[in-house]
Each structure stands twice: as structure tokens, then as C-alpha cells.
Amino acid sequence: MANRRVLVKRRDAVRNIRKITRTMQLIATARFQAAHTRANASRPYSEKLAEVVSDLAAAAEGIDHPLMRQPEEIDRSALVVISSSRGLCGSFNTNVLKVATNHLDGQEKEGIQTDVYMARKKGIAYFDFLKREIAQELVEIGDMPEFGEIEPIASALMDRFIRGEIASAHVAYTRFISSGRQEAEVVQLLPLARHEPAEGESKRAVDYEFSPDPKELLEELLPTTVRLRLFQAFSDAAISEQIARMVAMKAATDAAEDKIKLLSREYNRARQTAITMELLDIVGGATALA
Amino acid sequence: MAEQIFQLSVITPDRSILEAEASFCAFPAHDGEIGIRAHRAPLLVKLGTGWLRAQTTEGDHRLLVDGGFAQMVGNQLSVLTEFAQRSDEIDSARAQENLAAVEAMPTADEIQFAARQRALARARAALKAG
Chain A
1 MANRRVLVKR
11 RDAVRNIRKI
21 TRTMQLIATA
31 RFQAAHTRAN
41 ASRPYSEKLA
51 EVVSDLAAAA
61 EGIDHPLMRQ
71 PEEIDRSALV
81 VISSSRGLCG
91 SFNTNVLKVA
101 TNHLDGQEKE
111 GIQTDVYMAR
121 KKGIAYFDFL
131 KREIAQELVE
141 IGDMPEFGEI
151 EPIASALMDR
161 FIRGEIASAH
171 VAYTRFISSG
181 RQEAEVVQLL
191 PLARHEPAEG
201 ESKRAVDYEF
211 SPDPKELLEE
221 LLPTTVRLRL
231 FQAFSDAAIS
241 EQIARMVAMK
251 AATDAAEDKI
261 KLLSREYNRA
271 RQTAITMELL
281 DIVGGATALA
Chain B
1001 MAEQIFQLSV
1011 ITPDRSILEA
1021 EASFCAFPAH
1031 DGEIGIRAHR
1041 APLLVKLGTG
1051 WLRAQTTEGD
1061 HRLLVDGGFA
1071 QMVGNQLSVL
1081 TEFAQRSDEI
1091 DSARAQENLA
1101 AVEAMPTADE
1111 IQFAARQRAL
1121 ARARAALKAG
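Chains A and B supply the protein sequences, listed in that same order.
Here the numbering used here is used: the first residue of the first sequence is 1, the next is one more, and so on.
Here the numbering used here is used: the first residue of the second sequence is 1001, the next is one more, and so on.
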């Protein structure tokens, strides 16, 4: 019967899809682990840097650095958006692009024009679709960027900020909180928030020998902090993307499995019906002859 | 008496490049080379460009560093740098090519000039495998 052949074909097609989604899930798992290891590798650096900044801030009272100043009367800002270069990762892009457009709309209401720095293809395609402007496409950044790739963008943003072209710089990315939770958010990159010692953080009074003096050292350190923050946003986004893809592909594989079960059942029923019909035919023929 | 040792770590944002117990370490500070031995008084210093040399319990190490900070506190020396490379990772032919490329960088304005100077210092240091 034609119906049965169609069912077999469909089941084969779904089986193929399941094979693909399962493979993609495995790949995403491997990439997630790699991204996670890389993020952990950068942890000692950021921890040490935070320690040095807090030690320095204690030594250099009343610092006034250009990167910390809140500029006035500038109707322009910048936003770095980190999307993904490949799809099939659930709502990863939707979420991050939603917080980005919300942020842009908010800025616009205040009469501030925002230059968008878009990383990766999906975000670029979405903004093209919305007919929103992208100031710069950060095409040179890979899927698992190294610090050296991020540095030029951070430096360019700081340059523009110091020259008074932009009033602030934000980054929209997906924060990696745990492997069960990732959240799209917009955080402020510039101006740098003043370092407030967290409560319970004991003030270590180390009597350092400084070279050059603490103020000058701090001025060197702050740009590094900005660069590191942007780098962390990128590595967080990389981890979150892989998790999102893992989850999406797991769901797709499960759905394919259900579909295969359903199609098998339908096929078996059709087969049984056909057999019954044939038997009835034979039995009917035999009775007619008898 | 056994030689006194201290903890030495060289860290970049991408990885921890060296983690060892050292008896001596010399690195390029912003105003000249500084040598460190165990139990040095706390120090926080900006780095320049050049070679970091370390005598560790696992032998000698040489690293090219460019910019960053060194912090000595509690008998632990931490070198934080955005760029560090082991001497065996540097290929002299590539370094030579790199220097040529850097020398061809444009110097139209002050920013470009500063960038070129920085890249030049790094490229030259890479060639000085010494």
C-alpha cells in the first residue's frame, strides 16, 4: 500500500534528522567544555588584577581618571552586541538581541544616538532585517576569541570615550552564571565604575614599593580592566552559546525520537490493517466458492 | 644552606604561562630591569618590553613580555601581562618577517606612530633571543 511506503520514508527522514541533531549536540558539548576550560584559564589573571586594583585604589586616594569621568552633554554612545555566527542554538540570539534593542530604544528616548558594534553574523542579519544601523561589524573576531583579538575594539572604544565622542559604552552579551543558567544582559563598560570595596572585604594594608607612583600605575591598570571586561563578555557569550545549542539540540533529538515512535506505531497499524484486509479477502473468496 | 625560593607565576588573560618555584627572576620594568630574590619587600611595578629570565627549581625559563604589571607580595611574585611568549615559541624567521611588517606600518598621526613604536619594541625584543 502506498500509505505504508510514505510512512517508511518519513520515518527514515526523521531518523536522519535525529542523527544530525545528536551529532550537533555532541559537538556543542565538546565545544562547551573547551570554552569552559578557556574561561577558567583566564580566571587567575582577572582575580589577580582585581586584587592589584583594590590595593592600588587604597593607596591612591581621590583618583580622577579620564575613563572614570562621567561626561556631560554628549548625545552619542556605543553598544557592543555579541550574537552568534551560527544558528540552531535556541533562543540564544533572540534573547541577547532583545536586550540590545531594548537598550537602544531606551537610549533613543533620552535623545542619545547609539553606535552599534555588532559581533557575528546572526546579529548582523537581524539588524539588517529591522533596518537598524550598525556602525561597525566586528568580523575579525572568531568564535573563541583570544585576548589579542578583543584588545583593538576595547582600545578603540576607550579612545573614542576619552576624545569625548561617546558618553558611554555598553556591551550586550549572554552572561554565563552556571551551566543551568545564562542570562542576556547589558552592562556598562565605560565610564568605569569606581571601585567600592565589597562589604566583608578586608582591607589588606600592604606597604608596597610602587614604581611609578600609585596614581600613574592605576592609570595604566584601568584600561587593562576595561579590556579584560570586554574579553570576559566574549568568553561568557561563547560558553552560553554552546550551552544553548546543547539544550536546543537535545530537545530536537528528543522530539525526533518521539516522532519516530509515533511513525512506527502508525506504520505497524497500517501494516496490520492491510494484513487483516487481505485475510478478509481470502476468507471472503473461500466462503463464496464453498 | 639550601637556596631560598619564592613562588613565581606569569599570567596572561588567555592562560597561565609559567607557574614555578624560583630562586631568582629578572624582568624588564618600565624604567629598567629589576631582579627579584626570595622574600623581597612588597613591590608593585609596571612592566616594559623585553625578556623575563627566571631560575626555577625545574631549570631556567625565558619569556618575552610586553607591558603589564609585576606584584611581589608575601614571597610570591605575580607577573600580569597581556602578552607573553616562551623563548621556544618564537621562530626567528617569523620574527624577522614580523619586524619588516611592523617597520612598514603607517605613521600618519600620533596614535599610529605610538602604535608603531610599541610594535617595533616588541618585534625587536623578539629578535634579541638573548
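Glycine included, each C-beta is placed from N, C-alpha and C at the ideal position.
Every value quoted in this text rests on a predicted model; they were computed, and no experiment measured them.
For residue 144 of chain A, the three-state DSSP class (helix, strand or coil)
Here the question's residue 144 of chain A lines up with position 144 in the first sequence. DSSP places residue 144 of chain A in coil when its eight states are reduced to three.
Could you name the residues of the same chain whose beta carbon sits closer than 6 Å to that of residue 95 of chain A, not counting the 5 residues immediately before and after it, in chain order?
Here residue 95 of chain A is taken as the residue at index 95 of the first sequence, counted from 1. 184, listed in sequence order.
Which residues does DSSP list as the beta-bridge partners of residue 1060 of chain B?
For the purposes of this step, residue 1060 of chain B is identified with residue 60 of the second sequence, where counting begins at 1. Answer by DSSP bridge pairing, in chain order: B/1055.
Can you tell me which of the three DSSP states residue 1001 of chain B falls into?
On the second sequence, position 1 is the one that residue 1001 of chain B refers to. Unreliable placement is indicated for residue 1001 of chain B, whose pLDDT of 48 sits below 50; the coordinate value is still reported in the next sentence. Coil, per DSSP.
Taking residue 146 of chain A as the reference, give the member of A/27, A/35, A/250 with the closest Cα.
On the first sequence, residue 146 of chain A is found 146 positions in, with the first residue counted as 1. With distances taken between Cα atoms, residue 146 of chain A lies closest to A/35.
Whose CA, out of A/257, A/284, A/289, A/23, lies closest to the CA of residue 11 of chain A?
In the first sequence, residue 11 of chain A corresponds to position 11, counting from 1. When each option's Cα is compared against that of residue 11 of chain A, the closest is A/257.
Counting beta carbon pairs with one atom in the stretch 166–182 of chain A and one in the stretch 102–118 of chain A, are three or more of them shorter than 8 Å?
yes
Which of helix, strand or coil does DSSP assign to residue 70 of chain A?
Here residue 70 of chain A corresponds to residue number 70 of the first sequence, with the count starting at 1. Note: residue 70 of chain A maps to coil in three-state DSSP.
Strictly by DSSP, which residues pair up with residue 90 of chain A?
As a working note, residue 90 of chain A is residue 90 in the first sequence. Beta-bridge pairing links residue 90 of chain A to no other residue.
Under three-state DSSP, which class holds residue 1072 of chain B?
Residue 1072 of chain B sits at position 72 when you count from the first residue of the second sequence. Here residue 1072 of chain B sits in strand by DSSP.
Unbroken alpha helix (DSSP H) run spanning residue 1028 of chain B, endpoints:
Here residue 1028 of chain B refers to the residue found at position 28 of the second sequence. Premise fails: residue 1028 of chain B lies in the beta strand (DSSP E), 1016–1029, not in any alpha helix (DSSP H).
Relative to chain A, which residues along the stretch 1085–1110 of chain B have a C-beta separation below 7 Å, given in chain order?
none
I need the straight-line Cα distance from residue 37 of chain A to residue 269 of chain A, nearest angstrom please.
As a first step, residue 37 of chain A must be located in the first sequence, where it is residue number 37. As a first step, residue 269 of chain A must be located in the first sequence, where it is residue number 269. The alpha-carbon atoms of residue 37 of chain A and residue 269 of chain A are separated by roughly 50 Å.
Return the chain-ordered list of same chain residues with a C-beta closer than 7 Å to the C-beta of residue 243 of chain A, the five sequence neighbours on each side being excluded.
To locate residue 243 of chain A, count along the first sequence from 1; it is residue 243. If we look at residue 243 of chain A and ignore the five residues flanking it on each side, its Cβ neighbours are 32, 179, 182.
Exposed or buried, residue 1105 of chain B, counting other C-beta atoms within 10 Å across all chains shown (16 or more means buried)?
By one-based count along the second sequence, residue 1105 of chain B stands at place 105. Answer is exposed; the Cβ neighbour count stays below 16.
Put residue 1049 of chain B into one of helix, strand or coil per three-state DSSP.
In the second sequence, residue 1049 of chain B corresponds to position 49, counting from 1. Reduced to three states, the DSSP call for residue 1049 of chain B is strand.
Here's the rule I'm using: 16 or more other beta-carbon atoms within 10 Å means buried, otherwise exposed. How should residue 93 of chain A be labelled?
On the first sequence, residue 93 of chain A is found 93 positions in, with the first residue counted as 1. With 16 or more other Cβ atoms within 10 Å, it is buried.
Based on Cα-Cα distance, which residue from B/1108, B/1098, B/1110 lies nearest to residue 1120 of chain B?
In the second sequence, the residue the question calls residue 1120 of chain B occupies position 120. Looking at the Cα atoms, B/1098 is the closest of the given residues.
So residue 206 of chain A contacts chain B; which residues on that side make the cut at Cβ distance below 8 Å?
Position 206 of the first sequence, counting from 1, holds the residue named residue 206 of chain A. Going along chain B in sequence order, the residues near residue 206 of chain A (Cβ under 8 Å) are 1042, 1073.
For a contact meaning CB atoms closer than 8 Å, what does residue 1028 of chain B contact in chain A?
Locating residue 1028 of chain B in the second sequence gives position 28, counting from the first residue. Simply none; closest approach about 12 Å.
Local conformation of residue 1130 of chain B per DSSP, three classes
Start at 1 with the first residue of the second sequence, and residue 1130 of chain B comes out as number 130. Confidence at residue 1130 of chain B is low in this model, with a pLDDT of 49, below 50, so its placement is unreliable and the value that follows should be read with caution. DSSP places residue 1130 of chain B in coil when its eight states are reduced to three.
For a test of the three-state rule: what should DSSP assign to residue 1124 of chain B, helix, strand or coil?
Against the second sequence, residue 1124 of chain B aligns to sequence position 124. Residue state, collapsed to three classes: helix.
Alpha carbons only, please: which of A/280, A/218, A/106 is nearest the one belonging to residue 58 of chain A?
To locate residue 58 of chain A, count along the first sequence from 1; it is residue 58. That would be A/218, whose Cα lies nearest to the Cα of residue 58 of chain A.
For residue 52 of chain A and chain E, any beta-carbon pair shorter than 9 Å?
No chain E appears in this structure, whose protein chains are A and B.
Using alpha carbons as the reference points, say which of B/1075, B/1028, B/1005, B/1069 lies closest to residue 49 of chain A.
The residue given as residue 49 of chain A occupies position 49 in the first sequence. Residue 49 of chain A has its Cα closest to that of B/1069, out of B/1075, B/1028, B/1005, B/1069.
Which complete alpha helix (DSSP H) runs does the stretch 101–133 of chain A hold, if anything under 4 residues is left out?
121–130
Less than 8 Å between the CB atoms is what I'm expecting for residue 119 of chain A and residue 80 of chain A, so what's the real figure, rounded?
Numbered from 1 along the first sequence, position 119 holds the residue referred to as residue 119 of chain A. Numbered from 1 along the first sequence, position 80 holds the residue referred to as residue 80 of chain A. The pair is a contact, with the Cβ atoms about 7 Å apart (cut-off 8 Å).
Cβ neighbours of residue 21 of chain A in the same chain (closer than 8 Å, five flanking residues each side left out)
As a position in the first sequence, residue 21 of chain A is number 21, starting the count at 1. Taken in chain order, the residues that qualify are 249, 252, 253, 256.
Could you tell me which chain B residues have their CB closer than 8 Å to the CB of residue 228 of chain A, listed as they occur along the chain?
Residue mapping note: residue 228 of chain A aligns to position 228 of the first sequence, counting from 1. Those within 8 Å of residue 228 of chain A in chain B are 1013.
I'd like the span of the beta strand (DSSP E) that includes residue 1067 of chain B, first residue to last.
Against the second sequence, residue 1067 of chain B aligns to sequence position 67. Element bounds for residue 1067 of chain B: n/a, residue is neither H nor E.
So which residues of chain A does residue 977 of chain B contact, with C-beta pairs closer than 7 Å?
The displayed coordinates of chain B run from 1001 to 1130. Any statement about residue 977 of chain B would go beyond what the structure contains.
Residue 158 of chain A classed as buried or exposed, judged by whether at least 16 other C-beta atoms fall within 10 angstroms
Translated into the one-based positions of the first sequence, residue 158 of chain A becomes position 158. So residue 158 of chain A counts as buried.
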